[in-house]
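Line by line, the protein sequences give chains A and B.
Count the first sequence with the working numbering and you get residues 1 to 314, in order.
Count the second sequence with the working numbering and you get residues 315 to 567, in order.
Below you'll find the structure, written out as structure tokens, and then a few comments.
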Amino acid sequence: MKTWVFVEESNRAPAPVGLELLTKARAFGDVAAVFLGSSDEAIAELGRHGAGTVYKMTPPDGVLPAAAAAAALADLIASETPDLVLFGLTYTDRDVAGRLSARLGRPVVSNATDIRIDGDSVVVTNEIFGGTVLVETAVRAEAPALVIARPKSFAAEPGDEQTPTVTDVAVPDVGHAGSAAVTAVHEEKSQGPKLEDANIVVAGGRGLGAAEKFEMIEQLAGKLGAATGATRAVVDAGWVAYSKQVGQTGKTVKPSVYIACGISGAMQHLVGMKNSGTIIAINKDPDAPIFDVADLGIVGDVHQVLPKLLEALA
Amino acid sequence: MNIVVCVKQIPDPANPSELDAESHFLVRPDDQIMDDGDRYGVEMALQLAEAAEGSVTLVSMGPAGNLQGIRQALAMGAEKAVIITDDALRGAGALETARVLAAAITREGFDIVLCGTESTDGYSGIVPQQIAELLGVPALTYARRVEVDGSTVKIEQQTAAGYNEVEAPIPVLLSLTAGAVEPRYPTFKGIMAAKSKPIDQLALSDLEIDVAGAGQEILTVAEAPGRAGGVKIEDEGEAHLEIVSKLQELKVV
Numbered sequence: 001m002k003t004w005v006f007v008e009e010s011n012r013a014p015a016p017v018g019l020e021l022l023t024k025a026r027a028f029g030d031v032a033a034v035f036l037g038s039s040d041e042a043i044a045e046l047g048r049h050g051a052g053t054v055y056k057m058t059p060p061d062g063v064l065p066a067a068a069a070a071a072a073l074a075d076l077i078a079s080e081t082p083d084l085v086l087f088g089l090t091y092t093d094r095d096v097a098g099r100l101s102a103r104l105g106r107p108v109v110s111n112a113t114d115i116r117i118d119g120d121s122v123v124v125t126n127e128i129f130g131g132t133v134l135v136e137t138a139v140r141a142e143a144p145a146l147v148i149a150r151p152k153s154f155a156a157e158p159g160d161e162q163t164p165t166v167t168d169v170a171v172p173d174v175g176h177a178g179s180a181a182v183t184a185v186h187e188e189k190s191q192g193p194k195l196e197d198a199n200i201v202v203a204g205g206r207g208l209g210a211a212e213k214f215e216m217i218e219q220l221a222g223k224l225g226a227a228t229g230a231t232r233a234v235v236d237a238g239w240v241a242y243s244k245q246v247g248q249t250g251k252t253v254k255p256s257v258y259i260a261c262g263i264s265g266a267m268q269h270l271v272g273m274k275n276s277g278t279i280i281a282i283n284k285d286p287d288a289p290i291f292d293v294a295d296l297g298i299v300g301d302v303h304q305v306l307p308k309l310l311e312a313l314a
Numbered sequence: 315m316n317i318v319v320c321v322k323q324i325p326d327p328a329n330p331s332e333l334d335a336e337s338h339f340l341v342r343p344d345d346q347i348m349d350d351g352d353r354y355g356v357e358m359a360l361q362l363a364e365a366a367e368g369s370v371t372l373v374s375m376g377p378a379g380n381l382q383g384i385r386q387a388l389a390m391g392a393e394k395a396v397i398i399t400d401d402a403l404r405g406a407g408a409l410e411t412a413r414v415l416a417a418a419i420t421r422e423g424f425d426i427v428l429c430g431t432e433s434t435d436g437y438s439g440i441v442p443q444q445i446a447e448l449l450g451v452p453a454l455t456y457a458r459r460v461e462v463d464g465s466t467v468k469i470e471q472q473t474a475a476g477y478n479e480v481e482a483p484i485p486v487l488l489s490l491t492a493g494a495v496e497p498r499y500p501t502f503k504g505i506m507a508a509k510s511k512p513i514d515q516l517a518l519s520d521l522e523i524d525v526a527g528a529g530q531e532i533l534t535v536a537e538a539p540g541r542a543g544g545v546k547i548e549d550e551g552e553a554h555l556e557i558v559s560k561l562q563e564l565k566v567v
């Protein structure tokens with residue numbers, strides 16, 4: 001099976017989910033990367049993860065790249081005829097995969113947590129209802145099958161090392177559809193370990209009640225050397241930066257320990273954290289869905305439990 | 315300024331949904347509510363329309379049921395709604411949904427299309443981008459702040475590291491994160507007015523499009539393996555000690 005992995009450059013390196021997908025795709029046969037970026041170091045890293053060919057698309061300057069990248073990818077697919085194209089569930093990948101799907105008239109299966117080849121069919125496992133139900137879907141449309149996989153579904157490991165053949169791919173002018181201009185880029189700096197790489201995550205939800213109560217989350221994280229995370233409700237309320245969001249639109253995390261404080265466990269949130277090693281949850285609603293995934297669930301008020309916990313750890 | 319908002323009626327998440335055992339399609343009750351995430355799109359549309367003397371049209375696809383969810387959005391202040399319901403759309407995937415919505419949006423005419431980032435029940439998270447491609451317009455995705463300046467739409471776009479400032483000329487599509495605005499509650503007057511607002515119920519043939527089918531076959535549906543050995547403890551003042559001993563057991567303190 002001829003498989004392509006779409007990989008966006010992030011800080012002069014391949015986006016981590018891209019390396020995870022290359023690792024998975026090696027088992028399917030011939031693997032190439034479609035790289036949206038320009039860094040030579042990143043391209044070498046793709047080769048170390050088994051990409052024999054790298055189709056290099058230099059993103060157009062100062063505009064959102066998705067519309068042009070999807071058009072370039074559609075042309076490339078027409079001439080090179082891959083069987084399967086994989087994307088990660090990231091902001092840019094979602095934009096490119098969605099546009100590509102509409103352009104090619106092919107469905108895209110989103111939220112994949114596993115992918116296998118059965119004869120000449122691509123079979124995708126995804127989770128619905130917040131991960132409580134697993135659905136296996138076979139792609140029956142004309143090739144290529146388009147799949148968007150959740151980050152951290154597969155572990156990235158170098159292997160089948162190659163010095164990739166790099167092919168430059170021209171990114172076309174797509175007119176109005178490609179005219180969204182990026183006028184400024186802002187990075188929200190945060191202290192401590194990076195949320196997506198942290199070994200321990202302490203996360204807060206709406207149950208904290210007020211923005212200033214998030215400080216308890218930061219204190220607990222400080223004591224444990226953990227990263228802080230938050231639910232969509234909390235970032236939407238403006239209590240903490242969007243970069244802290246764990247969930248569907250946000251980050252997928254898989255730490256050894258996840259401590260959920262005042263989080264009810266909406267599907268949106270569960271899909272981003274339920275594969276954590278050990279989950280500890282504090283919530284006052286005994287029926288909250290978070291308790292279905294918690295190894296240790298405390299039915300109680302975060303405003304009572306957390307201060308005592310902080311004191312006990314002092 | 316014509317503003318179109320894509321909304322979805324979904325089974326109430328408070329009453330667990332299920333899949334039909336034979337067809338594997340989601341069972342959709344008559345009583346459906348507006349997807350909570352869509353309230354932000356409706357609110358943003360109303361605010362933009364109020365500032366630019368525009369109109370707000372809702373576009374939706376799916377079983378009409380008793381139209382409760384659509385009326386919720388009309389009660390907030392949208393002027394009219396179009397809902398496409400057709401047996402041929404049972405089990406439709408994201409691309410079929412996008413094709414239908416794009417055709418309905420084109421039929422209505424638009425300057426700005428507003429969508430959520432993903433639905434609460436299906437959450438494939440790609441329908442807005444598919445619609446944008448079909449309409450041939452820029453997609454200003456994951457917008458957390460929106461401003462219209464003449465014929466330019468400016469947003470703050472959520473990114474993994476923070477946010478970008480992005481702008482594009484209309485016509486344009488936006489996908490909104492929930493925090494972009496604070497949705498209003500329908501007033502009593504709004505709820506009464508919604509009862510007589512026009513709701514256009516269309517079939518596929520009205521849009522003159524064919525939907526080829528999802529191109530996907532559901533093979534199996536199974537319960538995910540649960541997490542074994544979870545314990546739940548009622549806090550009676552000492553439950554924090556359980557967390558301490560768990561953290562010690564895990565060797566993180």
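For every residue, glycine included, the Cβ atom is placed at its ideal position computed from N, Cα and C.
Predicted model only: the values in this text are computed from it and were never measured.
Membership of Ala395(B) in the beta strand (DSSP E) is indicated by the continuous run Lys394 to Ile398.
When the five nearest sequence neighbours on each side are left out, the beta carbons in the same chain lying within less than 7 angstroms of the beta carbon of Val240(A) are those of Phe214, Ala230 and Val234, in order along the chain. With a threshold of 8 angstroms between beta carbons, Arg458(B) makes contact with chain A.
Non-local C-beta neighbours of Gln248(A) in its own chain, meaning closer than 7 angstroms and more than five positions away in sequence, comprise Gln268, Val271 and Gly272, ordered along the chain. When C-beta distances to chain B are compared with 9 angstroms, the residues of the region 176-205 of chain A below that value are His176, Ala177, Gly178, Ser179, Ala180, Ala181, Val182, Thr183, Ala184, Val185, His186, Glu187, Glu188, Lys189, Glu196, Asn199 and Ile200, in chain order. For the options Pro286(A), Ile259(A), Thr125(A) and Leu73(A), the alpha carbon positioned closest to that of Leu195(A) is the one of Ile259(A). In the structure shown, the three-state DSSP call for Pro485(B) is coil. In the displayed model, Lys2(A) falls within coil according to three-state DSSP, outside both helix and strand.
Under the Cβ distance rule, Tyr437(B) counts among the residues neighbouring chain A, one pair being separated by less than 8 angstroms.
Not flagged as an interface residue toward chain A: Val370(B), since no C-beta distance is shorter than 8 angstroms. Note on geometry: alpha-carbon atoms of Val567(B) and Leu561(B) lie some 6 angstroms from one another. For the region 222-244 of chain A, the beta-carbon criterion of a distance under 9 angstroms to any beta-carbon of chain B is satisfied by Lys223, Leu224, Gly225, Ala226, Arg232, Ala233, Val235, Asp236, Ala237, Gly238, Ala241, Tyr242 and Ser243. Taking a 10 Å sphere around the C-beta of Pro255(A), we find 16 or more other C-beta atoms and assign the residue as buried. Closest in C-alpha terms to Ala418(B), from the list Lys546(B), Val319(B), Glu556(B) and Glu552(B), comes Val319(B). Listed as beta-bridge partners of Gln472(B) by DSSP are Tyr477(B).
The residue from Asp30(A), Ala68(A) and Thr90(A) with its alpha-carbon nearest to that of Pro14(A) is Thr90(A). Residue state for Gly297(A) is assigned as strand, using DSSP reduced to three classes. Closer than 8 angstroms at the C-beta level to chain B, one finds these residues of the region 284-304 of chain A: Pro286, Phe291, Asp292, Val293, Ala294, Asp295, Leu296, Gly297, Ile298, Val299, Gly300, Asp301 and Gln304. For Ser510(B), the number of other beta carbons within 10 angstroms of its own is below 16, and it is reported as exposed.
For chain A, the residues of the region 530-550 of chain B that bring a beta carbon within less than 8 angstroms of one of its beta carbons are Gln530, Glu531, Ile532, Leu533, Thr534, Val535, Ala536, Glu537, Ala538, Gly540, Arg541, Gly543, Gly544, Val545, Lys546, Ile547, Glu548 and Asp549, in chain order. By DSSP's assignment, Leu36(A) forms a beta bridge with Glu8(A) and Met57(A). Taking CB atoms only, Ala210(A) has no neighbour in chain B less than 8 angstroms away. Annotation: Leu21(A) is outside any beta strand (DSSP E); the continuous alpha helix (DSSP H) that includes it extends over Pro16 to Ala25. For a Cβ distance threshold of 8 angstroms, residue set Gly98, Arg99, Ser101 and Ala102 of chain A lies close to Gln444(B), ordered along the chain.
Each residue's CA atom was taken as its position, placing Pro539(B) and Gly551(B) some 33 angstroms apart. Secondary structure at Lys152(A): coil, using DSSP grouped into helix, strand and coil.
DSSP places Asp168(A) in the uninterrupted beta strand (DSSP E) bounded by Thr165 to Asp168.
With contacts defined as CB atoms closer than 8 angstroms, Arg94(A) and Ala492(B) fail to qualify as a contacting pair. In this structure, DSSP gives Met315(B) a state outside helix and strand, which the three-state scheme calls coil. In chain order, Ile43, Val54 and Lys56 place their CB closer than 7 angstroms to the CB of Val166(A), counting only its own chain and leaving out the 5 sequence neighbours on each side. Val31(A) carries a strand assignment under DSSP once its states are collapsed to helix, strand and coil. The C-alpha of Ala475(B) is placed about 5 angstroms away from the C-alpha of Glu187(A). Residues of the region 489-508 of chain B whose Cβ lies closer than 7 angstroms to any Cβ of chain A, in chain order: Thr491, Ala492 and Gly493. Under DSSP, Phe87(A) takes part in a beta bridge, and its partners are Ile148(A). Looking at Ile200(A), Leu22(A) and Val108(A), the one whose alpha-carbon comes closest to that of Gly407(B) is Val108(A). Against chain B, the CB of Gly62(A) has no partner CB under 8 angstroms away; the residue lies outside that interface.
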